[in-house]
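Residue numbers (my numbering): 755 to 1222.
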């Protein structure tokens, strides 16, 4: 079925607003944590769960909801998820206590998985292949605008009241609900079949345990048990899925579909290498260079701002040039930028840091949307929900790995050195360089994955041409 230009524009607008919500909230909520602690007087552990209580279920439920969307309809799951996001944001805004706030954050994480397992899938269902990269690029721009606006707009709102951030989120979600009911007509789903209930339970439990353990490894060896238990469940999940006809994850299809497989591995590696960049650089700018938090935030805005500006351009370019090639070039630029950061010192000029952030921002923009185009272009129409949710899953797992790398390295090198002391700064600089060495190696491996995806895509195209 072909859609009119007007229908495509409305669909794009709805998906872009939805894609702004979660990245905005993820960055904005960090600024509200101190105010939440002051009002409720909770422990640091409870305050951490305001963030983790959202992120863990968000990641864990992506694949099951992608599966359900392919079975029962992408618009249906998207709309229901947006309604629940609005209600959970309202619950957070009115929360009378910290446990209630955390409970609504968990609900918000689950409902966000319902929405964001479907945004690329809905766009890909509506947009013709020749314009897919351009539209995905515009959608990516909305995501990066959300990331950029989180610290700025979120900080302004939190300055009045932390509850205002949730009221803002509620209004945005309500707008998406109204527009979806009013303008997002039609339904898209793949083949009908049984829902993989046990597979979904295994998937959620495995990822929740792994992500919880991964995020807490630096706190002590006890958390390793959670991570290992999750890894065992992942193995059991893959074994079980390989024997099901109506599987949550069609293992054999994924293994045979090399472009899809390699592009997802590249996605995982990219976020593992780049995600923690803003965190470690924020510490570096404030601790080693003595720059205040506001100025540090402005410097770090350069990377997401470039991504927001360039993503529509790189997306449109990926409609004309093989997207895996662009992704490889982008990952290569990111690796180069990360390599330069290995040589940071306590007297490095800020101008060089800004220029290098520009290189990484350009690299990320060249990678992200073309890689999304490659993933969504490599799956059957009936499995768009799988492609969309797998991509999101790899992104969030990569983000968790990135933060775990930083946490483990900084804990190992810095130890109990007093914050701000000369010993602390010296040890921090060693840990910083070590992080960037690891990230550079990871990013270089990601380039290899992109090139393998390119080779697999070319081989598939040649086989198709031979059959014709």
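Note that beta-carbon positions come from the ideal geometry of N, C-alpha and C, so glycine has one too. Fair warning: this is a prediction, and the values are worked out from it, not measured in the lab.
Assumed close pair residue i, residue j - CB separation to whole angstroms, cut-off 8 Å
| i | j | result |
| --- | --- | --- |
| residue 937 | residue 828 | Not confirmed; about 15 Å, so no contact. |
| residue 820 | residue 1143 | 3 Å |
| residue 1107 | residue 1053 | 7 Å |
| residue 893 | residue 873 | 7 Å |
| residue 1078 | residue 1026 | Not quite, the Cβ-Cβ distance comes to about 19 Å (not below 8 Å), so this is no contact. |
| residue 1207 | residue 1128 | 6 Å |
Contact check, residue i vs residue j, beta carbons under 9 Å
| i | j | result |
| --- | --- | --- |
| residue 1069 | residue 1102 | no |
| residue 1062 | residue 899 | yes |
| residue 931 | residue 833 | yes |
| residue 927 | residue 839 | yes |
| residue 1154 | residue 843 | no |
| residue 1080 | residue 1071 | yes |
| residue 846 | residue 784 | no |
| residue 1096 | residue 1163 | no |
| residue 1198 | residue 1089 | yes |
| residue 1186 | residue 1037 | yes |
Rounded C-alpha distance that separates residue i from residue j
| i | j | result |
| --- | --- | --- |
| residue 1112 | residue 959 | 39 Å |
| residue 912 | residue 794 | 15 Å |
| residue 888 | residue 837 | 28 Å |
| residue 956 | residue 1179 | 44 Å |
| residue 805 | residue 951 | 28 Å |
| residue 903 | residue 772 | 14 Å |
| residue 1204 | residue 848 | 46 Å |
| residue 881 | residue 762 | 7 Å |
| residue 884 | residue 1131 | 10 Å |
| residue 816 | residue 1175 | 43 Å |
| residue 1221 | residue 1138 | Here the model assigns residue 1221 a pLDDT of 46, short of 50, so the residue's position is not dependable, and the following value carries that caveat. Rounded to the nearest angstrom, the two C-alpha atoms are 25 Å apart. |
| residue 776 | residue 864 | 12 Å |
| residue 1021 | residue 789 | 35 Å |
| residue 859 | residue 780 | 11 Å |
Three-way DSSP call (helix, strand, coil) for residue i in this model
| i | result |
| --- | --- |
| residue 1110 | helix |
| residue 1210 | helix |
| residue 800 | helix |
| residue 756 | coil |
| residue 886 | helix |
| residue 952 | helix |
| residue 1142 | helix |
| residue 767 | helix |
| residue 1219 | Because residue 1219 carries a pLDDT of 44, less than 50, the predicted location of this residue cannot be relied on, and the following value inherits that uncertainty. Three-state DSSP puts residue 1219 in a helix. |
| residue 1176 | helix |
| residue 761 | helix |
| residue 1043 | coil |
| residue 781 | helix |
| residue 921 | helix |
| residue 931 | helix |
| residue 1097 | coil |
| residue 1151 | helix |
| residue 1311 | Residue 1311 falls outside the range modelled here, since the chain spans only 755 to 1222, and no answer is possible. |
| residue 942 | coil |
Member of the options whose CA lies at the smallest distance from the CA of residue i
| i | options | result |
| --- | --- | --- |
| residue 810 | 1083, 782 and 862 | 862 |
| residue 1149 | 884, 965, 786 and 915 | 965 |
| residue 1158 | 919, 1073, 1084 and 967 | 967 |
| residue 1165 | 974, 1082, 1127 and 800 | 974 |
| residue 786 | 963, 777 and 908 | 908 |
| residue 831 | 856, 935 and 1172 | 935 |
| residue 941 | 953, 818, 765 and 984 | 765 |
| residue 1084 | 1023, 1047 and 774 | 1023 |
| residue 920 | 1213, 778, 969 and 886 | 778 |
| residue 1049 | 802, 835, 1067 and 906 | 906 |
| residue 1098 | 1043, 1134, 1060 and 1047 | 1043 |
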